[in-house]
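Participant: The structure is given below, and queries will be raised subsequently.
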Amino acid sequence: MESEQVQFGVTLKQLRDLMDLKGAEAVEKIQEMGGIKALCSKLHTSPIEGLKDSPQEAERRREVFGSNVIPAKKPKSFLSLAWEAAQDFTLLILIVAAFTSLVLGFIVPEDEVAQKAKEGEEEHHGWIESLAIFISVIVVVLVTAFNDWSKERQFQGLQGRIKGEHKYSVLRGNEVIQIPVGDIVVGDVCQVKYGDLLPADGIIITGNDMKMDESSLTGESDHVKKGENTDPMLLSGTNVMEGSARMLVTAVGINSKAGIIFTLVGAAKQKKKEKKGKNDDASSSSSNFGGSTDESHDKKEKSVLQSKLTKLALNIGYFGTAIALLTVVILSTKYTINTYIIEEKQFQWSQLNEYINFIITGVTVLVVAVPEGLPLAVTLSLAYSVKKMMKDNNLVRHLDACETMGNATAICSDKTGTLTTNRMTVVQAYVCNKLATTCADFAHIPPEVEEKLIKSIAINSAYTSRVMPGEPGELPKQVGNKTECALLGYVTSLNKSYENVRSQCPEETFTHVYTFNSARKSMGTVIKSEEGGFNLFAKGASEIMLQKCSYIYGKDGQIEDLTKQKKKDIINKVIEPMACDGLRTICIAQRNFVFENRAKNDKKIDREPTWEEEDDIFCDFTCLGIVGIEDPVRPEVPDAIRLCQSAGITVRMVTGDNINTARSIATKCGILLPGDDFLVLEGKDFNSKIRDGGNSEQINPELFDKIWPRLRVLARSSPTDKYNLVKGIIDSKLNPNREVVAVTGDGTNDAPALKKADVGFAMGIAGTDVAKEASDIILTDDNFSSIVKAVLWGRNVYDSIAKFLQFQLTVNVVAVTAAVIGASILNDSPLKAVQMLWVNLIMDTLASLALATELPTPDLLLRKPYGRTKALVSRRMMKNIIGQAIYQLAVIFFLLFAGDKLLQIESGRDDSGPSQHMTVVFNTFVMMTLFNEINARKIHGQRNVFQGIFTNPIFYGIWIATFILQILIIEFGSAFFSTKDLTIEQWLWCLLFGIGTLIWGQIIISLPNRVVPEKLSLGKDDPSLQKLPVGKPSPGQLLWVRSRKRILSQIRVVNAFRATIDTNRLQLAAFKKIEAT
């Protein structure tokens, strides 16, 4: 290895030591090594052409300096997942109780043998129920572990796919190409740009106006200026907040700064794990340098569904605990009175077994009352939807964003690329007092002005922006910034070559670069002029740049003063008409700094200006021209917006463009409709209307509430305006159900709004890595219509959970009520513990699988969103639950007390052993549960509950399998399930009562929802539950906090794949799609 490193002229240790330095110390050390060019030479690379594009060369460098990956931690084994599942508190109680019952069933004192001989058959089967409980617990544990294991494997596969799709720009063989981040090697020359998350450590070769956010490594939030002569060290995992650079990669993977930290954190976690003997859920996620830690997911309050589930969980938790205790108390009291007071028997050890059985029954009631399958249903529904959403161009980073999107009431969307095609073309140009609207007219420009215009466009654009020839019969390919590509296309339409200009003025000769940002609304590039002095080329928003111009080229290329009146005329007659046609207007300008005053528009200087004094530099420009760029509305967007509006979702456009351009595009999209009384505001007007006394005052919520309901377009907005709009709508209490807001963003400065939003959408193609880090979902095609698909899937998730709850709560009410009343009247629950565990298995695992995998239907977009405070279990659902519970309880108690006479069989009420009578009760209950599962498929009052049932093979497959298993249990499971085989007639009666649930369901639908009081609706989001109660929780809270924690632990399984996405180096298939355009 050492010999290999010597061949390179620098060792791995020397590079790591070098990257430990910063500032002047780093500059000095690089100079000692001969400078950056000498370092490139030692690494056998070129600062201009990069590495040779050779697989053998890349592999050699990996062997010497390492790969740009951090090995993922070994996933949990099936056995470890099974062990975790077995830690469930209620399962542990069942295990202990069943074991005690089993021991007592075998260890009987000799003086009791004679008495027990009379009950030989019952005693013979006494141990079987305990064994059956053991087997049931094992089944529950194995099913839970298998679900966790399969999901973890699924997400790890997805993680590998994401890693392969994330690419970065590097120079190889004098060509800028996109390669997977994992393929970057030491010696690569990377093109670093605004918004990037650095994938490796490196040193700046050339840089422009670089500012970095190094808070992920240092914790300091202040941006750090970087430059070749000030601080050239760039570290992996840090964000580029401004500027651009060409970087020499010096450390990758575990040798980079972020990699070293991740390795140390991983080692510390492992040491802590070994010390405590516990496994941290979060530690299972694979390390990935440059990304956020797991805590980043807690950037928002609980999602809408999580908040409602918490409320519902606490309510049912109290109910379940109380009923379980009541059951045990009733059974124990009745047995004690009958045995020791009425019958006056003496205590015997075998009688202790009865009390153990009562505890088992009580715990089983609790197991049934607490819907343990709810976490599984949530996770399955979310995971299933996430997988499907990827095909709809939605890459979900945070799992709960999927269901939150289904509750969205407002979408604040960008314009460029989201509502429009992001394929821009210059269609109008105003140069030398002449407006040209065709390519033929573009050519009539004085040669001197044309030369300056072409030079300004070619140089003052990122050199990564290019227009390349397309395939025969296709449009040219636009690579890079689309606005700059439009300008470069304009140069091409003049039959000139921008490449020639760039070859004469390479990037390394630039004196200074002012990168574009939202405050500046423009960008500029300074170069040395051939005659001596400096030329500053600038471009930006037309009305803003025009105010910074003092001169303009008039007719025949003559320089004229740009007076206030002329500026006003240009705005009224040129810029506004262009904007009203939906065109983006860009002003191109130039300013010359000369040592000898040769023209009135030149700035005479005695020495090189201080370029950081921007106010003195960015003024007195000479306007070269104004161009109008067309960015057509995506053809599918108007229909998508109409779907949103019909679904009760308000779409707002938030853009930095001219207000007239924004209004025109909004009208074409359907956001603004003729005759509607909606507001279209600029950022400055918006700020003045929502504050009491100017921009320095705090936002007044009352004033804000007067503006936002009617606001549809916010133009010339800053990232702060966007954040204030999002925060204000979320916090507003004007709507009783509260607003749920989704936001799109692509820039680094959009991150605060994306984080604040309930759901943040980042652009997969045009979005920066910083924006992707702040987002919840990434649109891989940057298309607004994909957001509508996210709404569809989100509503489907929400409805799937509601369907499961409607089904399960019905079974809960019936099973628990039957157990309590049965215990009060009889000496035992009509349903044995093992039978209730089987019903619980039907409810939990099988029903969650069946109901959580329903496909969405277009009808989902015909209803209004639920909002933040609407109950999860609505009045309609509660009507169905209560109605079905009444029917099923009536049937169960009818069969319990009159079924033996109806069927002319021996009564089983006074016999604890298996009987046909109690088997009919159990079988009828299961049949009613199965047929009610079909009813549960519809929760919005639809009469045809069979509609679409055959589109979901998982549902009908599980339903049929459950039915077959029930037949086997009844006919062959007598010993384990306390059943006796039934006759055909008895089976027909059971089926008849089961089918009756479908008929009864039609009657329930006919009843108005108002028959159920509003107070009975469950699962409203309570702001007080945004944080769980402080202090010692009650038993009910403990049970349900545990159940809710299972939901969160299921979601943390997703962190195994989310960690990679959180590194925000997700270009996805962006560059493929760029090529396709």
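Residue 36 in this note's numbering is what sits at position 36 of the sequence shown, and the numbering runs on without skipping anything. Heads up, the beta-carbon is just placed ideally off N, CA and C, and yes, glycines get one too.
1. When you compare the stretch 609-619 with the stretch 568-575, are there three or more beta-carbon pairs, one atom per stretch, that lie closer than 8 Å?
2. On the DSSP bridge assignment, give the partners of Y551 in chain order.
3. Looking at the structure shown, is R16 part of a helix, part of a strand, or coil, going by DSSP?
4. Considering only residues of the same chain and omitting the five flanking positions on each side of P55, which have a CB-CB separation below 7 Å?
5. Count the other CB atoms, across all protein chains shown, that sit within 10 Å of the CB of R1052; report buried if there are 16 or more and exposed otherwise.
6. Consult DSSP for T263 and reduce its assignment to one of helix, strand or coil.
7. Is it the case that the Cβ atoms of L902 and A818 are separated by a distance below 8 Å?
8. Do the stretch 771-787 and the stretch 673-686 meet, that is, are 3 or more Cβ pairs less than 8 Å apart?
9. Would you kindly report the start and end of the unbroken alpha helix (DSSP H) that includes D900?
10. Taking the alpha-carbon positions, what's the N208 to I179 distance?
11. Alpha carbon to alpha carbon, how far is Q986 from E343? Give it in angstroms, no decimals.
12. Quick check: what's the CA-CA separation for P71 versus G50?
13. By the 10 Å Cβ neighbour count, where 16 or more other Cβ atoms means buried, how is A443 classified, buried or exposed?
14. Helix, strand or coil for A429 per DSSP?
15. Candidates V873, A961, N535: which alpha carbon is nearest V526's?
16. Go ahead and pull the three-state DSSP assignment for G745.
17. Any chance the stretch 866-878 sits against the stretch 956-969, with 3 or more Cβ pairs inside 8 Å?
18. Thinking C-alpha only, which one of F358, L380, D231, G489 is nearest A429?
19. So, is A408 buried or exposed, given that buried needs 16 or more other C-beta atoms within 10 angstroms?
20. Given a cut-off of 8 Å, decide if V759 and A401 are closer than it, judged by their beta-carbon atoms.
21. In this structure, does DSSP put C412 in helix, strand or coil?
22. Between the stretch 998-1009 and the stretch 938-957, can you find at least three pairs of beta-carbon atoms closer than 8 Å?
23. Would you identify the three-state DSSP class for Y463, choosing helix, strand or coil?
24. With burial defined as no fewer than 16 other Cβ atoms inside 10 Å of the residue's Cβ, what is the status of L849: buried or exposed?
25. Taking the Cβ atom as the reference point for each residue, do K167 and V240 lie within a distance shorter than 8 Å?
26. What are the partner residues of Q590, as DSSP defines its beta bridges?
27. Could you pull the start and end residues of the alpha helix (DSSP H) that V788 belongs to?
28. Less than 7 Å between C-beta atoms, sequence neighbours within five positions excluded: which residues of the same chain meet that for G554?
29. Given 8 Å as the limit, is there contact between the stretch 539-558 and the stretch 588-604, that is, 3 or more CB pairs closer than that?
30. Measuring CA to CA, which of K733, P719, L81 is closest to F704?
31. How long is the line joining the alpha carbons of V456 and V449, rounded to whole angstroms?
32. Measuring alpha carbon to alpha carbon, tell me which residue in I360, L725, S67, E739 is nearest P752.
33. State yes or no: is the C-beta of D414 within less than 8 Å of the C-beta of T780?
34. Should F946 be counted as a contact of the ligand FAD given a C-beta to heavy atom distance under 7 Å?
35. By the three-class DSSP mapping on this structure, what secondary structure does L982 have?
36. Given this structure, state the Cα-to-Cα distance separating D148 from L81, to the nearest angstrom.
Facilitator: Taking the geometry as given:
1. In this structure the stretch 609-619 does not touch the stretch 568-575; the number of beta carbon pairs closer than 8 Å is below three.
2. What you label residue 551 is simply residue 551 of the sequence shown in a count that begins at 1. Per DSSP, D561, T622.
3. Sequence index remark: in the sequence shown, residue 16 carries index 16 (1-based). Helix at R16.
4. The count along the sequence shown starts at 1 and reaches residue 55 at position 55. Within the same chain, no Cβ atom closer than 7 Å to the Cβ of P55 is found once the five residues on either side in sequence are excluded.
5. Here residue 1052 is taken as the residue at index 1052 of the sequence shown, counted from 1. Confidence at R1052 is low in this model, with a pLDDT of 41, below 50, so the placement of that residue should be treated as unreliable; the coordinate-derived value is given next. The residue in question, R1052, is buried, as its Cβ has 16 or more Cβ neighbours within 10 Å.
6. Indexing the sequence shown from 1 puts residue 263 at position 263. Helix at T263.
7. Stepping through the sequence shown from its first residue, residue 902 is reached at position 902. Stepping through the sequence shown from its first residue, residue 818 is reached at position 818. Between L902 and A818, the C-beta gap is not smaller than 8 Å, which leaves the two residues out of contact.
8. Result no; under three Cβ-Cβ pairs closer than 8 Å.
9. The sequence position of residue 900 within the sequence shown is 900, counting from 1. It spans 875-903 - the alpha helix (DSSP H) in which D900 sits, taken as one unbroken run.
10. On the sequence shown, position 208 is the one that residue 208 refers to. On the sequence shown, position 179 is the one that residue 179 refers to. Going by C-alpha positions, N208 is about 24 Å away from I179.
11. Start at 1 with the first residue of the sequence shown, and residue 343 comes out as number 343. Start at 1 with the first residue of the sequence shown, and residue 986 comes out as number 986. Taking the straight line joining both Cα atoms gives about 37 Å.
12. Locating residue 71 in the sequence shown gives position 71, counting from the first residue. Locating residue 50 in the sequence shown gives position 50, counting from the first residue. Rounded to whole angstroms, P71 to G50 spans 27 Å at the Cα level.
13. Position 443 of the sequence shown, counted from the start, is the residue given in the question as residue 443. Per the 10 Å Cβ criterion, exposed.
14. On the sequence shown, position 429 is the one that residue 429 refers to. In this structure, DSSP gives A429 an extended state, which the three-state scheme calls strand.
15. Taking the sequence shown and counting its residues from 1, the one referred to as residue 526 is at position 526. Of the candidates V873, A961, N535, the one whose C-alpha sits nearest the C-alpha of V526 is N535.
16. Position 745 of the sequence shown, counting from 1, holds the residue named residue 745. G745 falls in the strand class under three-state DSSP.
17. The stretch 866-878 makes no contact with the stretch 956-969, as fewer than three CB pairs between them are under 8 Å.
18. Translated into positions along the sequence shown, residue 429 becomes position 429. Nearest of F358, L380, D231, G489 to A429, Cα basis: G489.
19. Against the sequence shown, residue 408 aligns to sequence position 408. So A408 counts as buried.
20. Your numbering for residue 401 matches position 401 in the sequence shown. Your numbering for residue 759 matches position 759 in the sequence shown. Contact annotation: A401 and V759 have beta-carbon atoms nearer than 8 Å.
21. Residue mapping note: residue 412 aligns to position 412 of the sequence shown, counting from 1. Three-state result, C412: strand.
22. Yes, since at least three Cβ pairs between the stretch 938-957 and the stretch 998-1009 fall closer than 8 Å, the two stretches touch.
23. Along the sequence shown, one-based indexing puts residue 463 at 463. Residue state, collapsed to three classes: coil.
24. Sequence index remark: in the sequence shown, residue 849 carries index 849 (1-based). L849 is buried by the Cβ-count criterion.
25. Your numbering for residue 167 matches position 167 in the sequence shown. Your numbering for residue 240 matches position 240 in the sequence shown. Contact: no.
26. Within the sequence shown, numbered from 1, the residue matching residue 590 stands at position 590. DSSP lists F537, T622 as partners of Q590.
27. The sequence position of residue 788 within the sequence shown is 788, counting from 1. From DSSP, the alpha helix (DSSP H) with V788 extends over 784-825.
28. The count along the sequence shown starts at 1 and reaches residue 554 at position 554. Taken in chain order, the residues that qualify are C432, N433, E560.
29. Yes, since at least three Cβ pairs between the stretch 539-558 and the stretch 588-604 fall closer than 8 Å, the two stretches touch.
30. Counting from one through the sequence shown, the residue named residue 704 turns up at place 704. Minimum Cα distance to F704 is reached at K733.
31. By one-based count along the sequence shown, residue 456 stands at place 456. By one-based count along the sequence shown, residue 449 stands at place 449. Sequence inspection shows Ser at residue 456; the Val mentioned does not correspond to that position. Answer to the nearest angstrom: the Cα atoms are 10 Å apart.
32. In the sequence shown, the residue the question calls residue 752 occupies position 752. Per the Cα distances, L725.
33. Within the sequence shown, numbered from 1, the residue matching residue 414 stands at position 414. Within the sequence shown, numbered from 1, the residue matching residue 780 stands at position 780. Against a cut-off of 8 Å, the Cβ pair of T780 and D414 comes out as no contact.
34. Within the structure as shown, the ligand FAD is missing, as the structure has no ligands at all.
35. Residue numbering aside, residue 982 sits at position 982 when the sequence shown is read from its first letter. In the structure shown, L982 falls within a coil segment according to DSSP collapsed to helix, strand and coil.
36. Translated into the one-based positions of the sequence shown, residue 148 becomes position 148. Translated into the one-based positions of the sequence shown, residue 81 becomes position 81. The straight-line gap from Cα to Cα measures roughly 7 Å.
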